[in-house]
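Chemist:
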Amino acid sequence: MGERVIAVVGPTAAGKSGLAVELALALGGEVINADSMQVYRGMDIGTAKLTLAERRGVPHHLLDLWDVRQPANVADYQRLARWAIDDITARGRVPILAGGSGLYVRGALEDLAFPGTDPAVRARLEAELERDGAAALHTRLAGLDPAAAQAVLPSNGRRIVRALEVIELTGRPFTATLPEYAASGPAVQLWLRLPREELDRRIGTRVDQMWAAGFEDEVRRLERHGLREGRTASRALGYQQLLRYLAGESTSDQAREETARGTRRLARRQESWFRRDPRITWLDVSGEPDPGHLLDRALAALGPAGARARAPQAGR
RNA sequence: GGCGGAGUGGCCGAGUGGUUUAGGCAAGGGCCUGCAAAGCCCUGUACACGGGUUCGAUUCCCGUCUCCGCCU
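Going letter by letter, the first sequence gives residues 151 to 466 in the working numbering.
#1: Suppose only complete runs of 3+ residues qualify. What are the beta strand (DSSP E) ranges in the segment 280-358, listed by chain order?
#2: Return the first residue and the last residue of the beta strand (DSSP E) that aspartate 434 is part of.
#3: Output the distance between the C-alpha atoms of leucine 444 and glycine 168, rounded to the nearest integer angstrom.
#4: Grab me the residues of isoleucine 246's own chain with a C-beta within less than 6 Å of its C-beta, minus the 5 sequence neighbours each way, in chain order.
#5: Use the C-beta contact count for alanine 176: other C-beta atoms within 10 angstroms, 16 or more gives buried, fewer gives exposed.
#6: What are the partner residues of phenylalanine 373, as DSSP defines its beta bridges?
#7: Given glycine 307, which residues of its chain have a CB within under 6 Å of its CB, disregarding the five upstream and five downstream residues?
#8: Residues in the same chain with beta-carbon distance under 7 Å from valine 208, minus the five sequence neighbours each way, listed in chain order, please.
#9: Report the rounded CA-to-CA distance for alanine 417 versus threonine 162, giving the unit in angstroms.
#10: May I ask you to verify whether the segment 371-386 touches the segment 216-230, counting CB pairs closer than 8 Å and requiring at least 3?
#11: On the three-state DSSP scale, how would you describe arginine 447?
#12: Within the continuous beta strand (DSSP E) that includes alanine 248, where are the two ends?
#13: Classify glutamine 300: buried if its beta carbon has 16 or more other beta carbons within 10 angstroms, exposed otherwise.
#14: With H, G and I counted as helix, E and B as strand and the rest as coil, what does DSSP make of valine 224?
#15: Return the residue from the list Arg406, Gln390 and Leu387 that minimises the CA-CA distance to threonine 355.
#16: Please list, in chain order, all residues of the same chain as methionine 151 whose beta carbon is under 7 Å from its beta carbon, the five residues on each side excluded.
#17: Which residue's Cα is closest to the Cα of methionine 469: His210, Asn223, Ala203 and Val158?
#18: If you drop the 5 nearest sequence neighbours on each side, which residues of the same chain put their C-beta closer than 8 Å to that of arginine 272?
#19: For valine 467, which residues does DSSP report across the bridge?
#20: Are the CB atoms of leucine 392 and glycine 165 nearer to each other than 9 Å?
#21: DSSP on glutamine 463, reduced to helix/strand/coil?
#22: Determine the extent of the beta strand (DSSP E) in which valine 181 is found, giving its start and end residues.
#23: Quick check on the DSSP output: what are the complete alpha helix (DSSP H) runs of length 4 or more inside the segment 248-272, in order along the chain?
#24: Taking the alpha helix (DSSP H) that leucine 202 belongs to, which residues open and close that run?
#25: Please report how far the alpha carbon of leucine 340 lies from the alpha carbon of valine 158, in whole angstroms.
Set out below in structure tokens:
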């Protein structure tokens, strides 16, 4: 796996994609998406996907991989992300991972091995969950694997199902838990930090812009392509809310407000996920009007690799 | 001015004469190995003000203030 990966992480609307492009241009890099929803074709406005023009000639990987009907999952993403990292590295370029999906980032950067899955087993367990409730399945889990039952709350049906699935498939306890953070990771992770009020303001603006840019039409179009049946894609922020609106269950304004609210909550969850990682390098982006200056500070934060690019002759 | 109704935690909104004072939303905190923009958990003693009745009042009574209707 790549030894010199740069990861640009942070809450939604903090400016990760833009900085990733700047870094790529400065360092001779290519961007790898680490956003769980930008992997879908046609989900552009609502995921704030960079346009071709905005990518400024920098190759982007792992965007537009899948049809909206296809479910996504970390294991597939991990495989693809590692290929991309290795490939970019092999060509002597710098892989720059950019995105805010915490588990995807860890999957790409660390040696997490995900036990397999089986659609039939999964479907059966989910039916049981529906019928008997999470508590009943949790009781069963406690019998099979007390440690796992302890780690998963009785109300968290989703994780209980996964634990039971893994046990059934492997015949062994579901011991999989996220590893401790290694002292230093295989990557430099830059966390784009800004104050809550500013972040919330940006989120509000961004959501308004999405609506103005024709987000509704995008969702209408995707609905015709089966978005509603897409297990993963139909749950994406904004899409989920607009599907409800299109079904006549809310107004467009309500959908917009709920999207903004949901996005703010997402940002909090992203913070609480990444905040725990002691290896992260913080980069304050609050009130930074000058992208060039931000890039400079980002390069400085990267240490030696960044310093080379900052030398005048490296140019940008 | 008269009559009627209402004043509950940031907002909405139930409710009760007395162990635990609903619920929803927002907010804050946290968890996380195959849907992760998902899923899940934790956190809020508020009853407009002043009197009175009562062993005890957010709940009953009186007054004050404010708001909303209708009337003049």
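In this text, a Cβ means the ideal position worked out from N, Cα and C, and glycines have one as well.
Modeler: This is what the structure gives:
#1: With a minimum length of 3 residues, the continuous beta strand (DSSP E) runs that stay inside the segment 280-358 are 337-343.
#2: Within the first sequence, residue 434 is the residue found at index 284, counting from 1. It spans 431-434 - the beta strand (DSSP E) in which aspartate 434 sits, taken as one unbroken run.
#3: The sequence position of residue 444 within the first sequence is 294, counting from 1. The sequence position of residue 168 within the first sequence is 18, counting from 1. Rounded to whole angstroms, leucine 444 to glycine 168 spans 11 Å at the Cα level.
#4: Taking the first sequence and counting its residues from 1, the one referred to as residue 246 is at position 96. Within the same chain, isoleucine 246 has close Cβ partners Ile156, Ala170, Leu173, Ala174, Gly179 and Val181.
#5: Position 26 of the first sequence, counting from 1, holds the residue named residue 176. The residue in question, alanine 176, is buried, as its Cβ has 16 or more Cβ neighbours within 10 Å.
#6: Numbered from 1 along the first sequence, position 223 holds the residue referred to as residue 373. The sequence shown places glutamate at residue 373, not phenylalanine. According to DSSP, which records beta bridges pairwise, glutamate 373 is partnered with nothing at all.
#7: Counted from its first residue, the first sequence places residue 307 at position 157. Same-chain partners within the cutoff: Leu279 and Ala284.
#8: Looking up residue 208 in the first sequence gives position 58. Val171, Ala174, Leu175, Glu180 and Val181.
#9: By 1-based counting over the first sequence, the position of residue 417 is 267. By 1-based counting over the first sequence, the position of residue 162 is 12. Taking the straight line joining both Cα atoms gives about 6 Å.
#10: yes
#11: Taking the first sequence and counting its residues from 1, the one referred to as residue 447 is at position 297. Three-state DSSP puts arginine 447 in a helix.
#12: To locate residue 248, count along the first sequence from 1; it is residue 98. Start and end: 244-248.
#13: Numbered from its first residue, the first sequence carries residue 300 at position 150. The residue in question, glutamine 300, is exposed, as its Cβ has fewer than 16 Cβ neighbours within 10 Å.
#14: Reading the first sequence from its first residue, position 74 is the one you call residue 224. Looking at valine 224 - three-state DSSP - the assignment turns out to be helix.
#15: Position 205 of the first sequence, counting from 1, holds the residue named residue 355. Answer by Cα proximity: Arg406.
#16: On the first sequence, position 1 is the one that residue 151 refers to. Interpretation of methionine 151 is limited by its pLDDT of 43, a score under 50 that renders its predicted location unreliable; the figure taken from the coordinates is listed afterwards. For methionine 151, where only same-chain residues beyond five positions count, the Cβ hits under 7 Å are Arg232, Ile235, Asp236 and Pro336.
#17: The first residue shown for the chain is 151 and the last is 466, placing residue 469 beyond what the model contains.
#18: Along the first sequence, one-based indexing puts residue 272 at 122. Cβ neighbours of arginine 272 beyond the five flanking positions: Val311 and Glu315.
#19: Because the chain spans 151 through 466 in this model, residue 467 falls outside it and cannot be assessed.
#20: Translated into positions along the first sequence, residue 392 becomes position 242. Translated into positions along the first sequence, residue 165 becomes position 15. No, the Cβ-Cβ distance between leucine 392 and glycine 165 is not below 9 Å.
#21: Locating residue 463 in the first sequence gives position 313, counting from the first residue. For glutamine 463, the predicted model reports a pLDDT of 44, less than 50, meaning its position is unreliable and no value from the coordinates is stated.
#22: Locating residue 181 in the first sequence gives position 31, counting from the first residue. It spans 179-183 - the beta strand (DSSP E) in which valine 181 sits, taken as one unbroken run.
#23: 252-259
#24: Locating residue 202 in the first sequence gives position 52, where the first residue counts as 1. 202-205 is the extent of the alpha helix (DSSP H) around leucine 202.
#25: Residue 340 sits at position 190 when you count from the first residue of the first sequence. Residue 158 sits at position 8 when you count from the first residue of the first sequence. Looking at the two C-alpha atoms, the distance is approximately 5 Å.
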